[in-house]
Each structure stands twice: as structure tokens, then as C-alpha cells.
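**Q** This is the structure I want to talk about, given as C-alpha cells.
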Amino acid sequence: MPITVALGLGAALGVIGPLAEKFDNPICHAVALVFSGGWSWACFAFLVGYFRRSKIESALLASSALAIGVVVYYLFKFLSPAAPIGMDIAGASGEGLTSRILVWGIAAFAFGAPVGLVGNLARTPGITGLPFRLLVPLIAFIETSQRLRVEADSQGLIVAITWNAIRVVAAVVAVALVGHTVWSWRARRSQPERRAEVGASPKRL
Numbered sequence: 001m002p003i004t005v006a007l008g009l010g011a012a013l014g015v016i017g018p019l020a021e022k023f024d025n026p027i028c029h030a031v032a033l034v035f036s037g038g039w040s041w042a043c044f045a046f047l048v049g050y051f052r053r054s055k056i057e058s059a060l061l062a063s064s065a066l067a068i069g070v071v072v073y074y075l076f077k078f079l080s081p082a083a084p085i086g087m088d089i090a091g092a093s094g095e096g097l098t099s100r101i102l103v104w105g106i107a108a109f110a111f112g113a114p115v116g117l118v119g120n121l122a123r124t125p126g127i128t129g130l131p132f133r134l135l136v137p138l139i140a141f142i143e144t145s146q147r148l149r150v151e152a153d154s155q156g157l158i159v160a161i162t163w164n165a166i167r168v169v170a171a172v173v174a175v176a177l178v179g180h181t182v183w184s185w186r187a188r189r190s191q192p193e194r195r196a197e198v199g200a201s202p203k204r205l
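1 is the number of the first residue of the sequence shown in the numbering used here; add one for each residue after it.
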């Protein structure tokens, strides 16, 4: 993944959620929920790291892209015309905006580095890389389960459906990753045995 593409996608990540909130329909509401969840940001950092060869580049680029996403997110919400007339989303003086960008930008930079590194380590084939590949489905499942337990009753039907769908998809992806890894491992183990059998068969004749 080229650096400019990763940074551009980070900026897009910051825009999609608040932009979808501006449209009053169920699909946009669901999109806003997806891109406002912590798991989707973790998934983005993971994918940035996965598509870089260098571990150092994976960590730094994932951090930088997430930090850019945070800056764009809060700037978009601050400048959004959907804000109530006469009110400033981040505070009248702009100090609230600056502090949010600073706090969450630093958090995103610190959080993105290890997740990007995990994404790079997920490239490791076989069972060794499986725990790293399971990180994002695990985060998505835990986060949505917690939200369903604490917030779903007060948020409405669309929220509950979206979080349940994310949880089901996360579980299916995790099972598919485990199944594919086990199948690949068994296939690799069976190849030497077949070669040994083919090599030994002429001797028996």
C-alpha cells in the first residue's frame, strides 16, 4: 500500500462516519455506526500494516493514517453545517476542538502502531500468524457485544440490528480464518507424506 494511499484512506475514514450521520435513512445510520466504532478504526490500522512489508513502516504508517483520520473527523464535525445555528460543536473559542484533536490524535497514533505491527505479523503463514489475524474479529465481537448489553435498548432497532450483524460477521470471519489455517496446515503436512509414498512405491515393486 503506497504511503499516499494509506494517508488518503485515513482522511476518508475520518469523513465517512460524520458524513453518513447527515442523512436521515437507515442505511446511512448503519454506515455511521460502523465507521464510528473502534473496531473499524482498528481494522483500518491492521490493513495498513498488513499491506506493508516493513514492520517499522507498518507501525508508523498505521499510526499516522489513524491520526490524520482523527484530525479530519473532528474538523469535519466542527465545520459541518448540520450543527445547531449559533452553536459551536467544539466550543465557542475553538479550544475544545484543539484539545479533542490533540488528545484523540495522540491516542490514535499510540494505538495505531501496535495494531499496524500486528497486521504486518498477520502476514506470517500458518498457525503462527493465526492469533494476529484473529485480532480484528475479536475486537469487533467484544465491542459490539458490550454495546448490545449496555446501550442497545436505548438506541433503537437499527442500532441493535447493525451491532448484531457486525457480531455475526466477526464470528463467521473468525471461524473461516481458523478453518482455512487448519486446512492449509494439514494440506502442507500431507504433501511430504504423499511424496514419501510415491518415492517408496518403486522399491516395493
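We treat Cβ as the ideally placed atom computed from N, Cα and C, and that holds for glycine. Keep in mind the model is a prediction, meaning the values are calculated, not measured.
(1) Short of 8 angstroms in beta carbon distance, which residues of its chain neighbour residue 177, apart from the five on each side in sequence? Order them along the chain.
(2) Is the Cβ-Cβ distance between residue 14 and residue 103 less than 8 angstroms?
(3) Which one of 37, 28, 5 and 107 has the shortest CA to CA distance from residue 61?
(4) Please check if any C-beta of chain B sits within less than 8 angstroms of the C-beta of residue 98.
(5) Buried or exposed: which applies to residue 92, given that a residue is buried once 16 or more other Cβ atoms fall within 10 Å of its Cβ?
(6) Roughly how many angstroms separate the alpha carbons of residue 180 and residue 97, rounded to a whole number?
(7) Considering only residues of the same chain and omitting the five flanking positions on each side of residue 173, which have a CB-CB separation below 6 angstroms?
(8) Can you tell me whether residue 78 is helix, strand or coil according to DSSP?
(9) Looking only at its chain, what residues have a beta carbon closer than 6 angstroms to the beta carbon of residue 111, apart from the 5 residues adjacent to it on each side?
(10) Between the C-alpha atoms of residue 47 and residue 155, what's the straight-line distance to the nearest angstrom?
(11) Is the stretch 155 to 167 touching the stretch 22 to 39, taking contact as three or more C-beta pairs under 8 angstroms?
(12) What residue does the alpha helix (DSSP H) around residue 122 start on, and which one ends it?
(13) Among 80, 175 and 168, which one has its Cα closest to the Cα of residue 16?
(14) Under three-state DSSP, which class holds residue 23?
(15) Using the C-alpha atoms, what's the distance from residue 50 back to residue 41?
(16) Taking a contact to mean a Cβ-Cβ separation below 8 angstroms, would you say residue 58 touches residue 126 in this structure?
(17) Measuring alpha carbon to alpha carbon, tell me which of 163, 43, 142 and 3 ends up nearest residue 108.
(18) Would you decide whether residue 63 is buried or exposed? Buried here means 16 or more other CB atoms lie within 10 Å of its CB.
(19) Answer with buried or exposed for residue 187, where buried requires no fewer than 16 other C-beta atoms within 10 angstroms of its C-beta.
**A** So, from the data block:
(1) Here residue 177 has 130, 133, 134 and 137 as same chain residues with Cβ atoms under 8 angstroms from its own Cβ, once five neighbours each way along the sequence are excluded.
(2) It is not a contact, given that the beta carbons lie outside the stated cut-off.
(3) In terms of CA proximity to residue 61, 5 leads the group 37, 28, 5 and 107.
(4) Among the chains in the structure shown there is no chain B, since it carries only a single protein chain.
(5) Reliability fails at residue 92, whose pLDDT of 41 lies under 50, so the model's placement of it is uncertain and the value that follows must be treated cautiously. Exposed, by the Cβ-count rule.
(6) Distance between the alpha carbons of residue 180 and residue 97 is about 45 angstroms.
(7) Annotation for residue 173: 137 place their beta carbon closer than 6 angstroms to its own, counting only its chain and skipping 5 residues before and after.
(8) DSSP places residue 78 in helix when its eight states are reduced to three.
(9) None.
(10) Distance between the alpha carbons of residue 47 and residue 155: 30 angstroms.
(11) Yes, the stretch 155 to 167 touches the stretch 22 to 39.
(12) Here residue 122 belongs to no alpha helix (DSSP H), and DSSP marks it neither H nor E.
(13) Nearest in C-alpha terms to residue 16, of all of 80, 175 and 168, is 80.
(14) Note: residue 23 maps to coil in three-state DSSP.
(15) Residue 50 has its alpha-carbon roughly 14 angstroms from the corresponding atom of residue 41.
(16) Against a cut-off of 8 angstroms, the Cβ pair of residue 126 and residue 58 comes out as no contact.
(17) Nearest C-alpha to residue 108: 43.
(18) It is buried - the Cβ of residue 63 has at least 16 other Cβ atoms within 10 Å.
(19) Counting the other Cβ atoms within 10 Å of the Cβ of residue 187 gives fewer than 16, which makes it exposed.
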